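Written out below as structure tokens is the structure these notes cover.
Residue numbers (our numbering): 1326 to 1474.
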């Protein structure tokens, strides 16, 4: 992420926190920056990243901060495994996650990929939260390995 984007997200964080009567803390800044740098990360991965800079941050701080950041609209989560949710920055464009069940790789696709599905559900009065959408299957690399004897 560019320095300009990081500065913009931190300014947005400060503004949104003030609007809610909350303080801007170094931990909140570190955790938001970690999510942005890691792109897709579980709370444990965020914790490990942050602890690389500040060893005193604990898991409960990361979990609470991720909840606050999501309430403020700065991060989103999706369930990309049977483990903890995976967080990503809202600075990225909205996208659909495609997850390989064999190698756990995650790829992001433009939301146009599911456009017909979203449109069909909208006709039935259902609004899709595409940012939470994860499609599971097998990537081409794993499929090719499975075919090799």
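Don't be surprised by glycine CBs; every beta carbon is placed ideally from N, CA and C.
None of these values were measured; they are calculated from a predicted model.
Pair within 7 angstroms by beta-carbon distance, residue i and residue j
{"i": "residue 1427", "j": "residue 1461", "result": "no"}
{"i": "residue 1401", "j": "residue 1456", "result": "yes"}
{"i": "residue 1409", "j": "residue 1368", "result": "yes"}
{"i": "residue 1405", "j": "residue 1387", "result": "no"}
{"i": "residue 1355", "j": "residue 1375", "result": "yes"}
{"i": "residue 1431", "j": "residue 1458", "result": "no"}
{"i": "residue 1357", "j": "residue 1397", "result": "no"}
{"i": "residue 1411", "j": "residue 1365", "result": "yes"}
{"i": "residue 1453", "j": "residue 1446", "result": "yes"}
{"i": "residue 1345", "j": "residue 1382", "result": "no"}
{"i": "residue 1349", "j": "residue 1339", "result": "yes"}
Close Cβ partners of residue i (< 8 angstroms) along its chain, the five nearest in sequence each way excluded
{"i": "residue 1327", "result": "Caution is warranted here: a pLDDT of 45 is assigned to residue 1327, below 50, making its placement in the model unreliable, and no coordinate value can be reported."}
{"i": "residue 1336", "result": "none"}
{"i": "residue 1429", "result": "1406"}
Residues of its chain near residue i, where Cβ-Cβ distance is below 7 angstroms and the 5 sequence neighbours each way are ignored
{"i": "residue 1419", "result": "1436, 1455 and 1456"}
{"i": "residue 1434", "result": "1420, 1421 and 1423"}
Proximity test, residue i beta-carbon vs the ligand SAM heavy atom, cut-off 6 angstroms
{"i": "residue 1458", "result": "Ligands are entirely absent from the displayed structure, and the ligand SAM is therefore not among its contents."}
Residue i - containing beta strand (DSSP E), residue span
{"i": "residue 1423", "result": "1420–1425"}
{"i": "residue 1431", "result": "1431–1435"}
{"i": "residue 1462", "result": "1459–1462"}
Extent of the continuous alpha helix (DSSP H) to which residue i belongs
{"i": "residue 1446", "result": "1440–1448"}
Beta-carbon proximity list for residue i, same chain, < 6 angstroms, skipping 5 on both sides
{"i": "residue 1343", "result": "none"}
{"i": "residue 1407", "result": "none"}
{"i": "residue 1443", "result": "1453"}
{"i": "residue 1390", "result": "1353 and 1356"}
Report task. Only counting runs of 4 or more residues, tell me where the alpha helix (DSSP H) segments fall wholly within the region 1356–1411, in order along the chain. Result -> Restricted to the region 1356–1411, the alpha helix (DSSP H) segments that are unbroken, complete and at least 4 residues in length are 1368–1376 and 1384–1396, listed in chain order.
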